[in-house]
Amino acid sequence: KPEECIPCEPGYYCNETGLAKPLYECEAGYYCPAGTQLSTANSCPPGSYCPPKSSNFTYCEAGTYGPNAYAKSEAECVICPAGSYCAVKGLEDVSGECDNGYHCPQKSTSEHQEECPMGYICSRGQATKTACPRGTYRNETKGYNQQQHCYSCPAGYVCPNLATVVPTVLCPAGFYCISGTFDGQDSPCTKGYKCPEQSKNKVPCDPGTYQDEDQQSDCKPCPAGRRCPDTRMYTTKSCLKGQFCPPKTQSAGTPCPMGSFGPTTNLTQVSDCTPCSPGMYCSAEGLSKVSGKCSSG
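In structure tokens:
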């Protein structure tokens, strides 16, 4: 009796009458539920795949998508590309772009798959993380704009590497480092200045000191017999006649005491002052020559 006939088994098709059992497996790229008569009756839809003998289609997994119908195996599901995400099973196309501040490697299932790590920025839909450039740093996650989120290396420090998280390299002695420095030897200290380690700018030599060389960390004390009256001095000046100049003398030396005089420049100590000659007198401090002859009597 007709009612005693059994529907064709799932995964098969029965395209003839009088069959005692199913003879034909469902073809790859199609699926055959119970009772299927034609091998091509049910094509595998986009977002899925149908291997041979399929009774139903199988969705492409989350993290992949299936752009074409008639897919025969899971290998035809396309891996979601970096910069995009595929949130659920059975997609025909990607769900969308990775959000600002996040990184989506291949096979991502969320627009917030991974927080952009410190030292990098991740713009919307960007396939790869972008390292903050030399001279900058980033000590926070989820950055996405290079100009706003890669911070300029602070003055006094050097950021020589890509993807710097925390500036730790101090500006070397003999140089100064303004904000954004990536080469510690970019700005050498010049004559008349000092640049100790971690200098943000070059520092003028104080009165009483000088510096006649470049790339120095400190100023030299003004030598005995010379004077350094100004800031930023890179040469010294002679100690004036009538004075003596110990080390670090600034604008003026120390006057030779009464009873003596200083006939030459560059005297270094009080003992260099010449005692007043017999029969002569030296009536004031700081004389470069005797005041005159003593009066008779």
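Counting from 1, position 230 in the sequence shown corresponds to residue 232 in the numbering used here; the numbering is continuous, with no gaps. Don't be surprised by glycine CBs; every beta carbon is placed ideally from N, CA and C.
Straight through space, the alpha carbons of Lys-291 and Cys-278 are spaced by roughly 9 angstroms. The three-state reading of DSSP puts Gln-245 in strand, counting E and B together. Judged by DSSP in its simplified three-state form, Val-272 adopts helix. Spanning the alpha carbons of Gln-200 and Ser-285 requires a straight line of approximately 53 angstroms.
With respect to Arg-234, Gly-255 sits apart: the two C-beta atoms are not nearer than 8 angstroms. Taking 8 angstroms as the cut-off, the beta carbon of Thr-267 is found no closer than this to the beta carbon of Gly-210. Apart from sequence neighbours up to five positions away, the residues of its chain that approach Gly-145 with a beta-carbon distance below 6 angstroms are Cys-118, Ile-123, His-151, ordered along the chain. Of the residues assessed, Ser-75 falls on the exposed side of the cut-off, its CB having fewer than 16 other CB atoms within 10 angstroms.
Listed in chain order, the non-local C-beta contacts of Lys-204 below 7 angstroms within the same chain comprise Tyr-178, Cys-191, Thr-192, Tyr-195, Cys-197, local neighbours out to five positions each way being set aside.
Looking only at Pro-47, Ser-110, Leu-93, the smallest Cα-Cα distance to Asp-101 is reached by Ser-110. Leaving aside the five residues that flank Cys-221 on each side, the residues in its chain whose CB is nearer than 6 angstroms to its CB run, in chain order, Lys-196, Cys-207, Thr-211, Gln-213. Distance from the Cα of Tyr-33 is smallest, within the candidate group Pro-257, Gly-103, Ser-56, for Ser-56. Only buried fits Gln-128, as 16 or more other CB atoms lie within 10 angstroms of its CB. If you look at Gln-148, you'll find it in the alpha helix (DSSP H) that goes 148–151. Look at the beta carbons and you see the stretch 16–28 not touching the stretch 62–82: under three pairs across the two are nearer than 8 angstroms. Classified as buried, Ala-165 has 16 or more neighbouring CB atoms from the shown chains inside 10 Å of its CB. Scanning Pro-223, Gly-244, Glu-63 for the CA closest to the CA of Thr-237 turns up Pro-223.
Closest in alpha carbon position to Ala-36, among Cys-155, Pro-48, Lys-239, Glu-11, is Glu-11. In this structure, the alpha-carbon of Gly-294 lies about 6 angstroms from that of Tyr-283. For Ala-226, the closest alpha carbon among the candidates Lys-202, Glu-6, Ser-219, Cys-241 is that of Cys-241.
Within the model, the alpha-carbon separation for Asp-232 versus Cys-247 is close to 15 angstroms.
By the beta-carbon neighbour count (other beta carbons within 10 angstroms, threshold 16), Ala-64 is buried. Here DSSP, grouped into helix, strand and coil, assigns Ala-77 to helix.
DSSP, read as helix, strand or coil, puts Glu-116 in strand. Out of Ala-43, Tyr-153, Thr-276, the CA that lies nearest to the CA of Tyr-139 is found in Tyr-153. Excluding the 5 residues flanking it on each side, Thr-270 has same chain C-beta neighbours closer than 8 angstroms at Ala-226, Gly-227, Cys-241, Phe-246, Cys-247, Pro-248, in chain order. Comparing C-alpha distances from Gly-176 to each of Glu-113, Ser-219, Glu-116 shows the shortest one belongs to Ser-219. Here the alpha carbons of Glu-18 and Tyr-87 stand approximately 46 angstroms from one another.
According to DSSP, Pro-206 shares a beta bridge with Tyr-195. Comparing alpha-carbon positions, the option among Ala-22, Ser-50, Phe-59, Pro-48 lying closest to Gly-13 turns out to be Phe-59.
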